[in-house]
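*Asks:* Residue numbers (the working numbering), protein chains in the order written: chain H, 93 to 330; chain G, 93 to 330.
The beta carbon of each residue, even a glycine, is placed where N, CA and C say it ideally should be.
Please read these numbers as outputs of a predicted model, since none were measured by experiment.
For reference, the structure I am asking about is given below.
Protein chains: 2
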Amino acid sequence: MRAPYGLNILDNCLTCSVREEHLFCNLSIHAGQRLNEIKSTAVYPKGAMLFIEGQQPRGVFVLCAGKAKLSTSSREGKTIITKLSDSGDVLGLNSVISDRPYEVTAEMMEPGQANFIPRESLLQFLKEHGEVALRVAEQLSRNYYTAYEEIRTLGLATSPSEKFAKLLLSWSPKSASNDNGTQVKLTLTHEEIAEIIGTTRETVSRLFSEFKRKQLLQLKGSTLIIRNRPALEKIVQS
Amino acid sequence: MRAPYGLNILDNCLTCSVREEHLFCNLSIHAGQRLNEIKSTAVYPKGAMLFIEGQQPRGVFVLCAGKAKLSTSSREGKTIITKLSDSGDVLGLNSVISDRPYEVTAEMMEPGQANFIPRESLLQFLKEHGEVALRVAEQLSRNYYTAYEEIRTLGLATSPSEKFAKLLLSWSPKSASNDNGTQVKLTLTHEEIAEIIGTTRETVSRLFSEFKRKQLLQLKGSTLIIRNRPALEKIVQS
DNA sequence: AAGGGCTTGTGACAGTAATCACACCCAAAA
DNA sequence: TTTTGGGTGTGATTACTGTCACAAGCCCTT
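Okay, structure coming up:
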């Protein structure tokens, strides 16, 4: 099955390869089939908005392929990115459960696919399947944890360099490093990085320069190489 | 029934006056009685820690009387207060549901009382009563919303004066104001206010001075009077 | 090859809030 | 009464980072 934007459509949750590890996975056969019935799927181009901050929740989106960024903005136009989502993530769950407006905007960062589950259907489904409600509660509390990470970063890590170092470390799993350091594909612009750590584009540029000069990292094209992990960890401290 | 710290003990959740509006309220009679069985109650002095950031979750606390502050700290000793809790609030729920360490420290700001529900008992109770699990999910998503408010304040509201104005407004419900302005009992130290808005004690002192000079507010002993609400709203903007 | 649009690098400058320092106030204890 | 200690007010100084400005780079289209 072919789709726009050069993607292959995944049309059945029961056989999807990402289903193993996530929220609506390993359900009873009955529940799984029911869920498969009430979902619909769609393909999105880069830049597509799944939903926008302040909208009444229509339903949840299960990201099947592609990456999305979640952000929130002030009236004056300042924006912060609160999370980068990968395939498997469930977006908009909190708003649907609490019936409040979406608290963030979800924008596709690359072409992708998402399943949509309408609000009413999901709530009905959860009432019928009490055991899944507890799974949802667990997911929500994990979301809450992530939010608290964000609060700690924004509120406790004072300087931009500290937050930048923290971000770099979060990109480089200790495991994936060889003796030359860790390699990461850099897909974000300086502007986006600035919106993640709550500073300006210019400051991010200067941080890159500074860290390169101090041999903490290195850039080859769009590949980022972490050169001195311990030094970064020292900058983070907290 | 008398207790230490001059409090009257509330010993039965089924007849408690704060039960109407909160999480474990208006349950079926059966569920309510079961919950009443597995909870225990205790009285705490000012400064008591219900739990500390990083501890494995032992259970949840339902605050029956008194106020508590929730805070998180960095290794270097910087602290931010993320929430002030009132009677009726359920503390530690996220950690128990997701089985992760408490993400905050809960400290009593005045003498009070809290019911304790052990982790295992609560989880068992939720499995038996699927309808309550959905209520818990709703509560968690409300917590998540509050966390996002915090993220927006920390990440988008740039200047201390903006955050300070925001805090003042959150203390003064529009309703409770007469023509002289809104009166609020001020129970926090400048230091604590600083920890809420993420700045220093000195800056808070200066903000009080500045806002008094501009006739935005007024202090009579420990009573704070909001004099010019519109001006504060204008400072907040976002 | 040339053009346009987005992205990046870096200098100059200004303003704000953190830090340090000290005096003051007030209430509770000795 | 004096003492003590937590809380508060405010000056001086400094460092940092946001803002503005502009040049240069990169990639895609024409």
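Measure the C-alpha to C-alpha separation of residue 252 (chain H) and residue 220 (chain H) and round it to an integer number of angstroms.
*Replies:* As a working note, residue 252 (chain H) is residue 160 in the first sequence. As a working note, residue 220 (chain H) is residue 128 in the first sequence. Using only the alpha carbons, I get a separation of about 48 Å.
*Asks:* Report the residues of the stretch 225–253 of chain H with a CB closer than 7 Å to any CB of chain G, ordered along the chain.
*Replies:* Here the close residues are 225, 226, 228, 229, 230, 232, 233, 234, 235, 236, 237, 239, 240, 242, 243, 244, 246, 247, 248.
*Asks:* What does a CB cutoff of less than 6 Å around residue 144 (chain G) pick up in its chain, not counting 5 residues either side in sequence?
*Replies:* As a first step, residue 144 (chain G) must be located in the second sequence, where it is residue number 52. 197, listed in sequence order.
*Asks:* Would you say the beta carbon of residue 162 (chain G) comes nearer than 6 Å to a heavy atom of the ligand GTP?
*Replies:* Looking for the ligand GTP in the displayed structure turns up nothing, as the structure carries no ligands at all.
*Asks:* Is DSSP giving residue 138 (chain G) helix, strand or coil here?
*Replies:* Locating residue 138 (chain G) in the second sequence gives position 46, where the first residue counts as 1. Note: residue 138 (chain G) maps to coil in three-state DSSP.
*Asks:* For residue 246 (chain G), which residues of its own chain have a beta-carbon under 7 Å away from its beta-carbon, when the five flanking residues on both sides are left out?
*Replies:* Working through the second sequence from its first residue, we reach residue 246 (chain G) at position 154. Contacts found: 290.
*Asks:* Give me the residue from H:192, H:200, H:118, H:306 with the minimum Cα distance to residue 142 (chain H).
*Replies:* Sequence index remark: in the first sequence, residue 142 (chain H) carries index 50 (1-based). Checking every option, the nearest Cα to that of residue 142 (chain H) belongs to H:200.
*Asks:* Could you check which residue in G:317, G:240, G:185 has the C-alpha nearest to that of residue 274 (chain G)?
*Replies:* One-based indexing of the second sequence puts residue 274 (chain G) at position 182. Of the candidates G:317, G:240, G:185, the one whose C-alpha sits nearest the C-alpha of residue 274 (chain G) is G:317.
*Asks:* Nearest chain H C-beta to residue 172 (chain G) closer than 7 Å, yes or no?
*Replies:* For the purposes of this step, residue 172 (chain G) is taken as the residue at position 80 of the second sequence. Yes, residue 172 (chain G) lies at the interface with chain H (some Cβ there is under 7 Å from its Cβ).
*Asks:* Could you list the residues in the stretch 174–197 of chain H with a C-beta less than 7 Å from some C-beta on chain G, going in chain order?
*Replies:* For the stretch 174–197 of chain H, which is checked against every Cβ of chain G, the residues closer than 7 Å are 174, 186, 189, 190, 192, 195.
*Asks:* With a threshold of 7 Å between beta-carbons, can residue 222 (chain G) be considered close to chain H, or not?
*Replies:* Working through the second sequence from its first residue, we reach residue 222 (chain G) at position 130. For residue 222 (chain G), the answer is yes, since a Cβ of chain H falls inside 7 Å of its Cβ.
*Asks:* Distance, Cα to Cα, residue 288 (chain H) vs residue 218 (chain H)?
*Replies:* Reading the first sequence from its first residue, position 196 is the one you call residue 288 (chain H). Reading the first sequence from its first residue, position 126 is the one you call residue 218 (chain H). So the two alpha carbons sit approximately 34 Å from each other.
*Asks:* Does the contact criterion of 3 or more C-beta pairs under 8 Å hold for the stretch 167–180 of chain G versus the stretch 133–141 of chain G?
*Replies:* No contact exists between the stretch 167–180 of chain G and the stretch 133–141 of chain G.
*Asks:* Starting from residue 312 (chain G), follow its DSSP beta bridges and name the residues at the other end.
*Replies:* Here residue 312 (chain G) is taken as the residue at index 220 of the second sequence, counted from 1. For residue 312 (chain G), which the question treats as bridged, DSSP gives the partners G:315.
*Asks:* Got a sec: is the Cβ-Cβ distance from residue 169 (chain G) to anything in chain H below 7 Å?
*Replies:* As a working mapping, residue 169 (chain G) is identified with position 77 in the second sequence. For residue 169 (chain G), the answer is no, since every Cβ of chain H falls outside 7 Å of its Cβ.
*Asks:* Taking 7 Å as the threshold (C-beta atoms), are residue 171 (chain H) and residue 165 (chain H) in contact?
*Replies:* Here residue 165 (chain H) corresponds to residue number 73 of the first sequence, with the count starting at 1. Here residue 171 (chain H) corresponds to residue number 79 of the first sequence, with the count starting at 1. In this structure, residue 171 (chain H) lies closer than 7 Å to residue 165 (chain H) by Cβ.
*Asks:* Apart from the five residues on each side of it in sequence, which residues of its chain come closer than 7 Å, Cβ to Cβ, to residue 284 (chain G)?
*Replies:* Here residue 284 (chain G) is taken as the residue at index 192 of the second sequence, counted from 1. Here the set comprises 173.
*Asks:* Tell me the rounded alpha-carbon separation between residue 152 (chain G) and residue 137 (chain G).
*Replies:* Taking the second sequence and counting its residues from 1, one reaches residue 152 (chain G) at position 60. Taking the second sequence and counting its residues from 1, one reaches residue 137 (chain G) at position 45. Taking the straight line joining both Cα atoms gives about 18 Å.
*Asks:* For residue 234 (chain G), which option in H:300, H:186, H:162 has the closest C-alpha, if you only look at C-alpha atoms?
*Replies:* Counting from one through the second sequence, the residue named residue 234 (chain G) turns up at place 142. Answer by Cα proximity: H:186.
*Asks:* Work out the CA separation of residue 115 (chain G) and residue 230 (chain H) for me, nearest whole Å.
*Replies:* To locate residue 230 (chain H), count along the first sequence from 1; it is residue 138. To locate residue 115 (chain G), count along the second sequence from 1; it is residue 23. Roughly 17 Å separates the two Cα atoms.
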